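Enquirer: Pasting a structure here, questions to come.
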Amino acid sequence: MAEYQADLMRLASAVKARRLELRWSKQRAADEAGVTIVTYRNVEAGRSARETTYAGIDRAFDWAPGTCTAILQGAESPQPAGTVVEGVRYVSPAATSLDAEETIRRVVQDVMIAVLPDATAREISAANETIIETLKRKGVLRAT
Numbered sequence: 046m047a048e049y050q051a052d053l054m055r056l057a058s059a060v061k062a063r064r065l066e067l068r069w070s071k072q073r074a075a076d077e078a079g080v081t082i083v084t085y086r087n088v089e090a091g092r093s094a095r096e097t098t099y100a101g102i103d104r105a106f107d108w109a110p111g112t113c114t115a116i117l118q119g120a121e122s123p124q125p126a127g128t129v130v131e132g133v134r135y136v137s138p139a140a141t142s143l144d145a146e147e148t149i150r151r152v153v154q155d156v157m158i159a160v161l162p163d164a165t166a167r168e169i170s171a172a173n174e175t176i177i178e179t180l181k182r183k184g185v186l187r188a189t
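For what it's worth, the numbering used here labels the leading residue of the sequence shown as 46, then goes sequentially.
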């Protein structure tokens, strides 16, 4: 338990340092991450949060996907997006968000046609919009 608390505090320090580096208020950091100010303050205070919160922070701070989780698992410092580590290039989620959105739309359409062959184009479009907006709210996709 004490070890996990130390990991939470290390993450809190990294998150605060990055926010200050960007010269953002806590409110702006929360907005950019797609989380409430209370949730964001909890992270900076060393309290546990959901994976979607960490994903939003990674994206907002231009960290490689999974950076917050990696810090909680012992990584010493954030991994900036776009760098190469051991032959793997960490891509900025912002660079791939539109591609991801288009891929999701195609997958939803294909699945709906396969599972619900009588679904209308309007129903498929509505499902797509609902899914995309939900993923944006949860910080999985960047809001455009």
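Here a beta-carbon is modelled for each residue, glycine too, at the ideal position from N, C-alpha and C. In this text the structure is predicted, and so the values were computed from the model without any measurement.
Assign T175 to buried or exposed, taking buried as 16 or more other Cβ atoms, counted over all protein chains shown, within 10 Å of its Cβ.
Expert: When all chains shown are included, T175 counts as exposed.
Enquirer: Using beta-carbon positions only, say whether E89 and A109 come within less than 8 Å of one another.
Expert: Contact: no.
Enquirer: Taking the straight line between their C-alpha atoms, what separation do you get for T179 and R187?
Expert: Cα-Cα distance, rounded: 11 Å.
Enquirer: Answer yes or no: do G184 and G79 have a C-beta to C-beta separation smaller than 8 Å?
Expert: Going by C-beta atoms, G184 is nearer than 8 Å to G79.
Enquirer: Helix or strand or just coil, what does DSSP make of D163?
Expert: Coil at D163, not helix or strand.
Enquirer: Just the Cα atoms here: how many angstroms apart are P162 and E146?
Expert: P162 and E146: Cα-Cα distance of roughly 23 Å.
Enquirer: Looking at the secondary structure, which residues open and close the alpha helix (DSSP H) in which Q72 lies?
Expert: Unbroken alpha helix (DSSP H) run through Q72: K71 to A78.
Enquirer: Taking the alpha helix (DSSP H) that V88 falls in, what are its first and last residues?
Expert: Unbroken alpha helix (DSSP H) run through V88: I82 to E89.
Enquirer: Using only the alpha-carbon positions, how far apart do R182 and E168 sit?
Expert: Between R182 and E168, the C-alpha separation is close to 21 Å.
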